[in-house]
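Step one of this worksheet: look at the structure below.
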Amino acid sequence: MRSSEFRLAATIATVTLAFFVVDFFYFPRSSVILDSHNWFELAKVMMVLAAIIVAMMLVEWRIEEDSSLVGRLIAASAAAVRSLAKNGCLFVPMSFASVWFMYLASATDRPLMDQTLAALDAAIGFDWRAFLDLTNRQPIVAGALVFAYHALARQLPLLLLLLAFAKRPRLTEFIALLAVSSALTATLMSLVPAAGACAYFQPRPIDFSNFTARAGMWHFTELMRIRSGEPFNLLVTRAEGLVTFPSYHTALGIMVVYALRDYRWLFWSVGCLNAVMIVSTLPEGGHHLIDVIAGAVVAVASIVTVRAIASYDRGEAHAPAVFPLTKG
């Protein structure tokens with residue numbers, strides 16, 4: 437393992453450990469009950485990933501002397517799958533611990549701060565209601581925003597697959613970005629509890645008729661249940677995204693584009709799509725503008741932090757990809 441890749445993996449592990457320490461500290465004092473089935477599911481996923489790693493190592497060992505085109509393709513594919521599984525072993529526990537924290541942090545009776553967030557928007561001249569009305573009155577614009585908002589979820593598996601074939605540790609770098617940004621987001625969301633602009637302004641259905649029926653409100657029922665103080669049984673595999681401030685959609689959209697910087701033909705097209713997606717976080721995602729600004733700050737801070745940790749040397753930074761033809 438390269439030294440930079442090791443540092444990135446260590447960063448992910450450190451963030452994961454920190455999440456678990458905080459989770460176990462606050463868990464006894466919280467109304468959130470972590471269903472014991474979660475641990476079984478986590479163990480099962482980790483065992484499957486470990487089995488995949490071993491299987492791909494055997495394939496690579498078996499094919500290492502085959503210099504034919506087919507042999508090289510099989511070896512490259514096995515290495516990519518092994519990279520996916522190896523990074524999955526880092527991502528899955530981190531994701532588990534961060535989702536657990538998100539629910540623990542949301543189980544609070546502290547007042548929601550949407551009024552303050554809306555006031556900050558007004559202070560910089562942004563009117564959320566007026567922006568919703570403007571975009572909703574143009575069906576083509578609203579449709580484009582809805583498409584862009586929900587396209588982000590489809591980008592992630594394709595991105596992970598693409599990065600798995602990169603010779604540089606780009607996949608580990610991206611998982612490290614997710615880890616650092618999750619830690620920053622967790623800190624901010626615990627300091628600024630909020631329900632979102634849709635919950636605060638409560639627009640009528642006709643006001644967002646060209647957006648989805650639950651625009652900006654997917655999380656609201658779950659959030660209110662957690663904040664009620666009643667016991668809440670958490671199944672991580674069925675968790676909702678509860679973060680309003682900062683906008684993690686914004687942070688993730690920027691980090692996805694950054695991860696594609698070696699693939700210019702994708703960088704610009706996905707960059708344009710995600711620029712539209714960031715705009716869509718306001719009406720479709722139900723975010724205040726200040727949420728979006730904070731999400732962008734989280735993304736930039738995460739990128740700067742991970743670049744500093746990785747500290748690629750010149751030779752590694754310019755190493756070719758496994759399939760150079762995939763680059764623009």
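Numbering (my numbering) for the sequence shown: 437 to 764. Backbone N, C-alpha and C fix where the C-beta goes; we use that ideal spot for every residue, glycine too.
For residue i, name the three-state secondary structure that DSSP assigns.
| i | result |
| --- | --- |
| Ile-765 | The requested residue 765 is not part of the displayed model; the chain covers only 437 to 764. |
| Leu-679 | At residue 679 the sequence reads Val, which differs from the Leu that was named. Val-679: coil per DSSP, three-state reduction. |
| Val-468 | strand |
| Asn-669 | strand |
| Lys-603 | coil |
| Val-577 | helix |
| Gln-638 | coil |
| Pro-593 | helix |
| Ser-738 | helix |
| Tyr-699 | coil |
| Leu-444 | helix |
| Val-758 | Because the pLDDT of Val-758 is 40, which lies under 50, any placement of that residue in the model is unreliable, and the number read from its coordinates should be weighed accordingly. In this structure, Val-758 counts as coil in the three-state DSSP scheme. |
| Gly-707 | helix |
What is the rounded straight-line gap between the Cα of residue i and the Cα of residue j?
| i | j | result |
| --- | --- | --- |
| Ala-521 | Phe-455 | 22 Å |
| Ala-578 | Ala-479 | 42 Å |
| Thr-762 | Gly-707 | Note that Thr-762 has pLDDT 36, beneath the 50 cutoff, so the model's placement of it is unreliable and no number is given. |
| Ser-716 | Asp-557 | 16 Å |
| Val-628 | Pro-547 | 9 Å |
| Ser-747 | Leu-485 | 28 Å |
| Tyr-636 | Thr-544 | 18 Å |
| Ala-589 | Phe-610 | 15 Å |
| Leu-509 | Asn-523 | 21 Å |
| Thr-552 | Leu-570 | 23 Å |
| Ser-504 | Ser-531 | 39 Å |
| Met-493 | Asp-502 | 15 Å |
| Ala-554 | His-473 | 40 Å |
| Ala-649 | Thr-621 | 27 Å |
| Asp-698 | Arg-604 | 10 Å |
Do the CB positions of residue i and residue j come within less than 8 Å of each other?
| i | j | result |
| --- | --- | --- |
| Glu-500 | Ala-514 | no |
| Ile-448 | Ala-612 | yes |
| Arg-606 | Leu-599 | yes |
| Ile-469 | Ser-542 | no |
| Val-451 | Val-528 | no |
| His-685 | Gly-652 | no |
| Val-692 | Gln-591 | yes |
| Tyr-462 | Leu-678 | no |
| Leu-624 | Phe-668 | no |
| Phe-647 | Pro-593 | no |
| Leu-702 | Asp-643 | no |
| Ile-745 | Leu-526 | no |
| Ala-512 | Phe-601 | yes |
Quick one: using the 10 Å Cβ neighbour count with 16 as the cut-off for buried, is residue i buried or exposed?
| i | result |
| --- | --- |
| Trp-475 | exposed |
| Glu-666 | exposed |
| Phe-442 | exposed |
| Asp-550 | buried |
| Asp-409 | There is no way to answer for residue 409, as the model of the chain reaches only from 437 to 764. |
| Gln-574 | exposed |
| Ser-683 | buried |
| Thr-657 | exposed |
| Ser-519 | buried |
| Ile-399 | Given a span of 437 to 764 for the chain in the structure shown, any question on residue 399 remains unanswerable. |
| Leu-453 | exposed |
| Trp-704 | exposed |
| Ala-695 | buried |
At a Cβ threshold of 8 Å, is residue i touching chain B?
| i | result |
| --- | --- |
| Val-679 | Absent from the structure is chain B; it holds one protein chain and no more. |
Under 7 Å from any heavy atom of the ligand ZN, does the C-beta of residue i make it?
| i | result |
| --- | --- |
| Val-490 | As for the ligand ZN, it is missing from this structure, which has no ligand bound. |
Legend entry - the segment 575–590 / the segment 710–718 touching (three or more Cβ pairs under 8 Å): Three or more pairs of CB atoms, one per stretch, sit closer than 8 Å, so the segment 575–590 contacts the segment 710–718.
Legend entry - Three or more C-beta pairs below 8 Å linking the segment 625–637 and the segment 723–737: Yes, the segment 625–637 is in contact with the segment 723–737.
Inset, instruction - Kindly confirm or deny that the segment 730–746 and the segment 609–616 touch, where touching means at least three C-beta pairs closer than 8 Å. - result: Touching, yes.
Inset, instruction - Assess, as a yes-or-no matter, whether the segment 653–672 is touched by the segment 529–536 under the definition of 3 or more beta carbon pairs within less than 8 Å. - result: Judged by Cβ distances under 8 Å, the segment 529–536 makes contact with the segment 653–672, as three or more pairs qualify.
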